[in-house]
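Here it is in structure tokens:
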């Protein structure tokens, strides 16, 4: 590859009520960097750049883009050239057209997901040692995107061969096909995961916490603010990825994962971990079933050119969730 | 009162396979004080006496007794006199008839629960600072019994008026009747709780943990030993009692609560906390519903005289679990 | 005894700058119930009464009283009668003379410490489940007083025989004399501890935390607010009492212990734990030496009648701190 | 660069008593992969390769090498070529000459430290989800080496320019010279740190823990096994790196850091954090002074060719530890 994708960088979510969303993400412990009548920019406590979550006021909830940070502006050029060779229509967002972000490149990926690549973002104060401002679940940083798509193997191959991702863990479904895969650029379990399902849709954005107690404190703090019903699943431990997790639904139904755990995947000889879809310890190491809504509901994504919703299609593998055999 | 009930002291559970039970309670972090072909005596890490959980080999799972420690042998005499005055048939277990326990007094309580009172138990080494032996969920000590009974108000009145318990929290059901109550002798939230339901049955025995992380470490450790399916509910926070909880089912289906949280209830002017049955934060502060089995299943209890199972009766209040309105 | 001392209830500290003190105790996570130009009333998160720490503006730092809650007003009468029989001069503080507290009885104890007994205090909202207001070290409740006095055995005997305290742990110094003792009314390790030293002085007030992470979060939060120099000792584990501790000096030098750990001491047959003064695991289980200031400095106490400082005297046992032999 | 150094990989320590060392590292929670009469191979719980710590029986304690994993065997060739061009004498350790490791390249670095580079190591079972085997401080993986060297700026420049490390944080001493620097290849705070001091010596090896509670549990567990005196410093928080730390001395005096915290340093535009040597929050965010031995004592290192101890020299910057001004 002639470009270097660094990591999952930010997501842009369309939300219908900025104040409701502000209250929710503030309760989680996000830091607000800036806002105006139609935008709120949030960052985590250790992030040294302007934002990792951008909320935009809109009529309908949707995902505008999921964005990856690349090494330099030159990498954007290389990506653009490659996409054009492949026949993908790209869209340049020129510097100045978006607050706090340099020139960016947008494209619909192999699954129809709206991607964005950028090299530069304005810095912001790191709050990592301003401990007296830490609150809620003390969200540290963006970690990954999880996407439901109809053809996981196609995306898997593309992200490994073309984007240079590596696979940390994967799940096998019918006839030995890949049902889900966890792929990374930074040496953690993932920057992006793909799950077999109706899509393309964004299943959740994962934010990393420094400590298991942040999950418990986060639950307590959310509940005492009245956000108990926003807790969809957890706390629990995923067998897959070994993450201690909590899944929340924001006021528009966008799903947020609070995530602690992970491990180092720096080594080229690391062997991806294989799981069977119906292994009861895969989804939840502690043995709980996820609620159906967790497998069925996800956020719609937009076309980067038309800003219309992308129509979903049915997944190639029929099984849309594990069968628990106990 | 002329007697002083100190605290919930021990429970005797009948189990059908001692080895299976040993493996389970050992995984939880209990310390085995002694055992023979038909008994295992377990204690928690901070306990200075012989056991708080006695497992007996039997053909069927059941609860033989739940036992309270009283101040002195004289208190046993006073209790015996009182029960006889009230027309309750008592049973003395003479010193030497039970391992490690002095003379004890058994009786069926106002709800038909098999109670035992004892003043003396052999000491055992406290493991509280033998940290390198702590494992699993690091169970510290017995905390309370939770019982399903058909007439909570009757038991509530009896335990307050006759046994000298105080109420820390309670739940109101139909027509302002008490649906559940948390009662204590030691100044914690409870030594015993009563819930409206088919009974008398023992819903669970609560063991106290020193630290929220013990719940998470306990789940991980249990799951990696294959006990994931034994986790019935949690981790979660009860609104009622403010406990961080985990409910487990032992190999015979007896329910164990691992419990962290609690607060001091020493003051005579402490006002009991009132909850409405359908308050969604009562059962689970974080908003999850308990599974139906948690409301329906419980352990049968024995007659202290015949050792036969006590027949249950339907509860006075019709509602057997909360209606969640979200 | 014809009276019932419930527990350590509150302390009244004289401080020289209310605003500096407010900032410090607020950083620790105390809740301010009320204040005026010369008083601030603080309570912990689980406390259901008005305050457990009262700061009074004064020219010099000092301890006005350490106060115990008793069961009822009748207990105050019984105590008064007993003190008068013993020849101790008592002082009644009539209801209305102190904010939020009913009638109280003050007396200099056997060591010259200024004691107060009260039965009634106005209630206050419990913040235990207002988790979004928890911050700093999340102080839960007052736990104990620790006092340096010249004759520990005399106080030990008096508190056991006359006040009805029980001993949980003690330290033996020269010629088998008691060098320090931990005494309780509520069934925890202590409501009061006595250490051999120049006095009578108040060594520290202990506040209980629910969780070891509150110590770490408290350190981080205090340090990021600039209170790093206020941390005198810890975090560490006491062998004695098994407490995870942090010692802080408030802006006037009063010492506060943040305390997590403890165990249940409800049983009349609990055997007090004996330690030798020079056992290296006694003071700090993890092997660190306490700084000299911890053994030497303490708060002066006042005469309940004259409000003048009580003159200290040298301790009976010569050794004023352990000798570490490694 | 034409080579890719992945991360700090392993250290080889000479120890004088294998059994004493085994007991110590076992107590910390290391997993023993293999051993014979003169070697013990230890790995952390999440490590998928054979070992990260190799103890060798020897007459005197010393550091044989600190080793970095590179991407492939080809990278070893490239490194060898470069060292030879620079005039550094290299030493090849052929495959088979060391247990579990492929061919490796050894060289004395710019400061005289004994480095080793390897691409291949035999795999080993990851214990990350064998939670019931986790114990002690639950050591997860090797994180970094910290070295005392006489000329930090020289090493800093060499590691950045020649090895391709990036700087996350640094400390400024006299006349704006770099007194210490934290350098990384994997996107964490560091794979190696250099401190101004008599050397070259190895100050400590840092191992990463997943959770702050592992530090507390580790202290308790070590102390109850009698290793209290092995705890040299901490627990505490470094301002620099934001790590929660515990420093231990193994039976030969080699220093081990248990380390939790860290943050992601993946971004090329991350600005290194600058600290002044005398900033009291740099060394210990919570305000404690490190003991003198922490600044003065370190492990001797060997010549990769002669296996003799490298003679140390005095550091260029005179100040060998901070002056605390409070």
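Residue numbers (the working numbering), protein chains in the order written: chain A, 1379 to 1704; chain B, 1379 to 1704; chain C, 1379 to 1704; chain D, 1379 to 1704.
By construction, the Cβ of each residue, glycine as well, lies at the ideal position given by its N, Cα and C atoms.
Nothing here was measured: the structure is a model prediction, and the numbers come from that model.
With a Cβ-Cβ cutoff of 8 Å, do residue 1515/B and residue 1396/B count as a contact? One-based indexing of the second chain puts residue 1515/B at position 137. One-based indexing of the second chain puts residue 1396/B at position 18. No, they are not a contact pair.
Residues of chain C with a CB under 8 Å from the CB of residue 1403/A: which are they? As a working mapping, residue 1403/A is identified with position 25 in the first chain. One finds nothing in chain C with a Cβ atom closer than 8 Å to the Cβ of residue 1403/A; even the nearest lies about 14 Å away.
Taking only runs that begin and end inside the stretch 1546–1632 of chain B, name each unbroken alpha helix (DSSP H) of 4 or more residues, in chain order. Runs of the alpha helix (DSSP H) inside the stretch 1546–1632 of chain B: 1590–1602.
Taking just the CA atoms, how far does residue 1562/B sit from residue 1412/A? Taking the first residue of the first chain as 1, we reach residue 1412/A at position 34. Taking the first residue of the second chain as 1, we reach residue 1562/B at position 184. One C-alpha to the other measures close to 52 Å.
Quick check on residue 1356/B: does DSSP put it in helix, strand or coil? One cannot answer for residue 1356/B here, as it falls past the ends of chain B, which runs 1379 to 1704.
Chain-ordered neighbours of residue 1709/C on chain B, where CB pairs are closer than 7 Å: Here chain C comprises residues numbered 1379 to 1704, so residue 1709/C is not present and cannot be evaluated.
Buried or exposed: residue 1643/C, going by 16 or more other Cβ atoms within 10 Å of its Cβ? By 1-based counting over the third chain, the position of residue 1643/C is 265. Around the beta carbon of residue 1643/C, 16 or more other beta carbons sit within 10 angstroms, so the residue counts as buried.
Segment contact, 8 Å Cβ cut-off, at least three pairs: the stretch 1533–1542 of chain C with the stretch 1628–1641 of chain C: As far as the Cβ criterion goes, the stretch 1533–1542 of chain C does not touch the stretch 1628–1641 of chain C, which means the pair count is below three.
For residue 1689/A, which of 1486/A, 1509/A and 1556/A has the nearest alpha-carbon? Translated into positions along the first chain, residue 1689/A becomes position 311. Selected option, being the one with the closest Cα: 1486/A.
Between residue 1522/D and chain B, is the shortest Cβ-Cβ distance under 8 Å, so that the two count as touching? As a working mapping, residue 1522/D is identified with position 144 in the fourth chain. Taking Cβ atoms only, chain B never reaches closer than 8 Å to residue 1522/D, which makes this a no.
Going by beta carbon distance, what residues of the same chain come within less than 6 Å of residue 1524/A, once the five residues before and after it are set aside? One-based indexing of the first chain puts residue 1524/A at position 146. Leaving aside the five residues that flank residue 1524/A on each side, the residues in its chain whose CB is nearer than 6 Å to its CB run, in chain order, 1571, 1581 and 1582.
Does any CB atom of chain D fall closer than 8 Å to the CB of residue 1644/A? By one-based count along the first chain, residue 1644/A stands at place 266. Yes, contact with chain D.
In this structure, how does DSSP classify residue 1411/A when only helix, strand and coil are distinguished? Mapped onto the first chain, residue 1411/A falls at position 33. Here residue 1411/A sits in strand by DSSP.
Whole-number beta carbon distance between residue 1510/C and residue 1439/C, since they are thought to touch under 8 Å: By one-based count along the third chain, residue 1439/C stands at place 61. By one-based count along the third chain, residue 1510/C stands at place 132. Going by Cβ atoms, the distance from residue 1439/C to residue 1510/C rounds to 34 Å, so no, they are not a contact pair.
Just to confirm, is the Cβ distance from residue 1575/C to residue 1693/C under 8 Å? As a working mapping, residue 1575/C is identified with position 197 in the third chain. As a working mapping, residue 1693/C is identified with position 315 in the third chain. Annotated as proximal: residue 1575/C and residue 1693/C, with beta-carbon spacing under 8 Å.
Please state the DSSP three-state secondary structure of residue 1383/A. Taking the first residue of the first chain as position 1, residue 1383/A is located at position 5. Under the three-state reduction of DSSP output, residue 1383/A falls in the strand class.
Just to check my reading of the structure: residue 1655/C and residue 1549/C have Cβ atoms closer than 8 Å, yes? What is that Cβ distance to the nearest angstrom? The sequence position of residue 1655/C within the third chain is 277, counting from 1. The sequence position of residue 1549/C within the third chain is 171, counting from 1. The beta-carbon distance between residue 1655/C and residue 1549/C, rounded to whole angstroms, is 5 Å. This is short enough to meet the 8 Å contact definition.
To which residues does DSSP link residue 1445/A through a beta bridge? Against the first chain, residue 1445/A aligns to sequence position 67. Paired residue(s): 1388/A and 1494/A.
Is residue 1648/B near the ligand SAH - that is, is its Cβ less than 7 Å away from at least one heavy atom of it? Although the ligand SAH was asked about, the structure shown includes no ligands whatsoever.
Would you tell me roughly how many angstroms separate the C-alpha atoms of residue 1623/D and residue 1613/D, rounded to the nearest one? The count along the fourth chain starts at 1 and reaches residue 1623/D at position 245. The count along the fourth chain starts at 1 and reaches residue 1613/D at position 235. Roughly 6 Å between the two C-alpha positions.
So, is the C-beta of residue 1597/A closer than 8 Å to a C-beta in chain B? Along the first chain, one-based indexing puts residue 1597/A at 219. Residue 1597/A counts as touching chain B.
I'd like to know if residue 1510/C contacts chain A, where contact means its C-beta is closer than 8 Å to some C-beta of that chain. Start at 1 with the first residue of the third chain, and residue 1510/C comes out as number 132. By this cut-off, residue 1510/C is an interface position.
Leaving aside the five residues before and after residue 1552/D along the sequence, list all residues of the same chain whose C-beta is less than 7 Å from its C-beta, in chain order. Residue numbering aside, residue 1552/D sits at position 174 when the fourth chain is read from its first letter. Excluding sequence neighbours, residue 1552/D sits near 1695, 1696 and 1697.
If you reduce the DSSP assignment to three classes, tell me which class residue 1637/B lands in. Locating residue 1637/B in the second chain gives position 259, counting from the first residue. When DSSP states are grouped into helix, strand and coil, residue 1637/B belongs to the strand group.
Residue 1626/A versus 1618/A, 1388/A, 1636/A and 1589/A, residue with shortest Cα-Cα distance: For the purposes of this step, residue 1626/A is taken as residue 248 along the first chain, with counting starting at 1. Of the candidates 1618/A, 1388/A, 1636/A and 1589/A, the residue whose Cα lies closest to the Cα of residue 1626/A is 1636/A.
Classify residue 1681/A as helix, strand or coil using the three-state DSSP reduction. In the first chain, residue 1681/A corresponds to position 303, counting from 1. Three-state result, residue 1681/A: coil.
Please list, in chain order, the chain A residues whose beta carbon lies closer than 9 Å to that of residue 1623/B. Counted from its first residue, the second chain places residue 1623/B at position 245. By Cβ distance, chain A contributes nothing, its closest Cβ being about 12 Å from residue 1623/B, past 9 Å.
Nearest-angstrom Cα separation, counted from residue 1417/D out to residue 1434/D: Position 56 of the fourth chain, counted from the first residue, corresponds to residue 1434/D. Position 39 of the fourth chain, counted from the first residue, corresponds to residue 1417/D. Each residue's CA atom was taken as its position, placing residue 1434/D and residue 1417/D some 5 Å apart.
From 1441/A, 1400/A and 1449/A, pick the residue whose C-alpha is nearest to that of residue 1686/A; which is it? On the first chain, position 308 is the one that residue 1686/A refers to. Taking only the C-alpha atoms, the option nearest residue 1686/A is 1441/A.
Can you check whether the C-beta of residue 1565/A is within less than 8 Å of a C-beta belonging to chain D? In the first chain, residue 1565/A corresponds to position 187, counting from 1. The Cβ of residue 1565/A sits closer than 8 Å to at least one Cβ of chain D.
Enumerate in chain order the residues of its own chain whose CB-to-CB distance from residue 1569/C is below 6 Å, with the five nearest sequence positions on each side excluded. As a working note, residue 1569/C is residue 191 in the third chain. 1385, 1386, 1522, 1562 and 1563, listed in sequence order.
Buried or exposed for residue 1389/D, please, with buried defined as at least 16 other CB atoms from any protein chain shown within 10 angstroms of its CB. Position 11 of the fourth chain, counting from 1, holds the residue named residue 1389/D. Buried, by the Cβ-count rule.
Distance, residue 1632/C Cα to residue 1559/D Cα: Counted from its first residue, the fourth chain places residue 1559/D at position 181. Counted from its first residue, the third chain places residue 1632/C at position 254. Their Cα atoms are separated by approximately 39 Å.
Using a C-beta cutoff of 8 Å, does residue 1602/A count as contacting chain C? As a first step, residue 1602/A must be located in the first chain, where it is residue number 224. Under the Cβ criterion of 8 Å, residue 1602/A is counted among the residues facing chain C.
Between residue 1679/C and residue 1492/C, which are expected to be in contact by the criterion C-beta below 8 Å, what is the C-beta distance as a whole number of angstroms? By 1-based counting over the third chain, the position of residue 1679/C is 301. By 1-based counting over the third chain, the position of residue 1492/C is 114. Contact holds; Cβ gap of about 5 Å.
Could you have a look at residue 1666/B and say whether DSSP puts it in helix, strand or coil? One-based indexing of the second chain puts residue 1666/B at position 288. Three-state result, residue 1666/B: coil.
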